[in-house]
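Q: Residue numbers (my numbering), protein chains in the order written: chain A, 21 to 155; chain B, 51 to 282.
Pasting in a structure now, in structure tokens, and then I'll have a few things to ask.
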């Protein structure tokens with residue numbers, strides 16, 4: 021075993037146990053995605069490009085789930101925190117507190133009920149049909 | 051007097067994180083909709099901003115870096131997607147059908163309801179992508195000529211209301227499969243819905259996580275295509 025190979029194994033082993041290390045690795049994929057977007061002018065968020073890059077590496081077994089799972093679970097569990105500053109933008113639109121806000125609320129409520137009903141019924145009926153055909 | 055930018059960053063960031071942790075703890079003990087971290091944390095922060103006569107600019111200069119963490123959080127979805135690859139391979143026609151039906155309904159009903167209530171222009175456009183998660187929605191909003199900031203607010207409102215509405219709808223609708231229950235939350239209420247679906251069960255949660263990303267991607271691709279067609 022060459023020294024470089026041994027070092028790489030030790031590094032991987034350390035990564036399997038380090039949540040901050042895994043978080044840094046995920047951030048590196050995001051930065052790489054941003055770089056790709058900037059260089060190619062792709063009309064996608066950098067995070068999505070990073071996600072596709074990472075899926076490619078997972079699918080070809082260049083990277084294992086063990087070196088990411090802890091970091092990924094942390095990001096997914098705390099994701100709501102990262103949305104919070106976006107909500108504060110409502111401060112820029114004081115006119116939303118009046119009638120306009122009520123109208124917007126009505127659009128959101130009505131639209132969401134429709135989307136949820138249509139989606140759930142479509143998936144439910146389609147999967148029942150498939151199961152009957154398979155049986 | 052201009053406050054020290056470092057101090058402002060520390061102040062607004064730690065306040066945001068502290069309120070978030072508080073809301074999370076309260077919600078775990080009392081799962082009421084108005085204690086949901088995504089509802090309570092911004093409400094408390096807005097109260098502080100107004101109380102000390104600060105502005106959105108002050109706040110976002112201090113705590114805006116948290117938004118950037120949505121980038122690595124998006125990358126993190128590779129893990130649940132990869133873990134569920136067998137399910138995706140087996141159920142992709144059903145899931146694809148649900149995503150297309152849900153997205154068309156989202157855009158169609160938003161447009162019709164907004165028009166019926168006399169909302170138009172950039173406001174109506176900003177309402178269209180509100181069912182998908184924030185990074186995707188802001189991208190779509192920009193592509194179709196909406197205001198990404200405004201869309202972010204609508205996305206969050208949809209998430210909070212959707213997580214509550216989803217519960218009610220599940221008790222009315224005859225849906226039994228985990229596939230349909232997960233899809234209802236993911237396509238109707240993105241991240242907040244997915245968090246709710248995770249509490250229903252493991253399978254519901256992973257389906258919701260997967261669909262949330264895929265439906266976001268689908269919408270970004272569709273909007274890019276439409277924008278390219280309109281400008282050509």
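Each residue gets a CB set at the ideal place from its N, CA and C atoms; glycine is no exception.
Predicted model only: the values in this text are computed from it and were never measured.
Spatial neighbours of residue 166 of chain B within its chain, please: C-beta separation below 7 Å, excluding the five flanking residues on both sides.
A: Result list for residue 166 of chain B: empty, nothing under 7 Å.
Q: Within 10 angstroms of its Cβ, does residue 120 of chain B collect 16 or more other Cβ (buried), or is it exposed?
A: Buried: at least 16 other Cβ atoms inside 10 Å.
Q: So, with DSSP's three-state summary, where would you put residue 136 of chain A?
A: Residue 136 of chain A: helix per DSSP, three-state reduction.
Q: By how many angstroms is the C-alpha of residue 199 of chain B removed from the C-alpha of residue 59 of chain B?
A: Distance between the alpha carbons of residue 59 of chain B and residue 199 of chain B is about 21 Å.
Q: How about the segment 85–103 of chain A and the segment 121–140 of chain B: do they share at least three Cβ pairs that are nearer than 8 Å?
A: With a cut-off of 8 Å, the segment 121–140 of chain B and the segment 85–103 of chain A count as touching, because enough Cβ pairs lie within range.
Q: Can you tell me which of the three DSSP states residue 188 of chain B falls into?
A: It is helical.
Q: Residues of chain A with CB closer than 7 Å to the CB of residue 156 of chain B, please, in chain order.
A: By Cβ distance, chain A contributes 131 and 135.
Q: Please report the Cβ distance between residue 270 of chain B and residue 190 of chain B, rounded to the nearest whole angstrom; I am assuming they are in contact, meaning their Cβ atoms lie under 8 Å.
A: Indeed, because the Cβ distance is near 6 Å, the residues count as touching under 8 Å.
Q: My output table needs one value for residue 178 of chain B: the three-state DSSP class, helix, strand or coil.
A: Coil, per DSSP.
Q: When Cβ atoms are compared, which residues of the segment 223–235 of chain B fall closer than 9 Å to chain A?
A: Answer in chain order: 223, 224, 225, 226, 227, 229, 230, 231, 232, 233, 234 and 235.
Q: Among the residues of its own chain, which have a CB less than 6 Å from the CB of residue 141 of chain A, if the five just before and after it don't count?
A: Around residue 141 of chain A: no qualifying Cβ.
Q: Between the Cα of residue 279 of chain B and those of B:194, B:62 and B:176, spot the shortest distance and give me the residue it belongs to.
A: Considering only alpha carbons, the answer is B:194.
Q: Identify each residue in the segment 72–103 of chain B for which the Cβ-Cβ distance to at least one residue of chain A is less than 7 Å, and report them in chain order.
A: Answer set for the segment 72–103 of chain B: 87, 88, 91, 92, 95, 96 and 99.
Q: Please go through the same chain and pick out, in chain order, the residues whose beta-carbon is closer than 7 Å to the beta-carbon of residue 69 of chain A, but skip the five residues on each side of it.
A: Once the five neighbours on either side are set aside, the close Cβ partners of residue 69 of chain A are 53, 56, 57 and 62.
Q: Can you tell me the Cβ-Cβ gap for residue 213 of chain B and residue 259 of chain B, rounded? I've got them flagged as a contact below 8 Å.
A: Residue 213 of chain B to residue 259 of chain B, Cβ: 15 Å. No contact.
Q: How would you list, in chain order, the residues of chain B whose beta-carbon sits under 7 Å from the beta-carbon of residue 89 of chain A?
A: Near residue 89 of chain A (Cβ distances below 7 Å), the residues of chain B are 129.
Q: Against chain B, with Cβ distances strictly below 8 Å, would residue 92 of chain A count as a contact?
A: Cβ-Cβ to chain B under 8 Å: yes for residue 92 of chain A.
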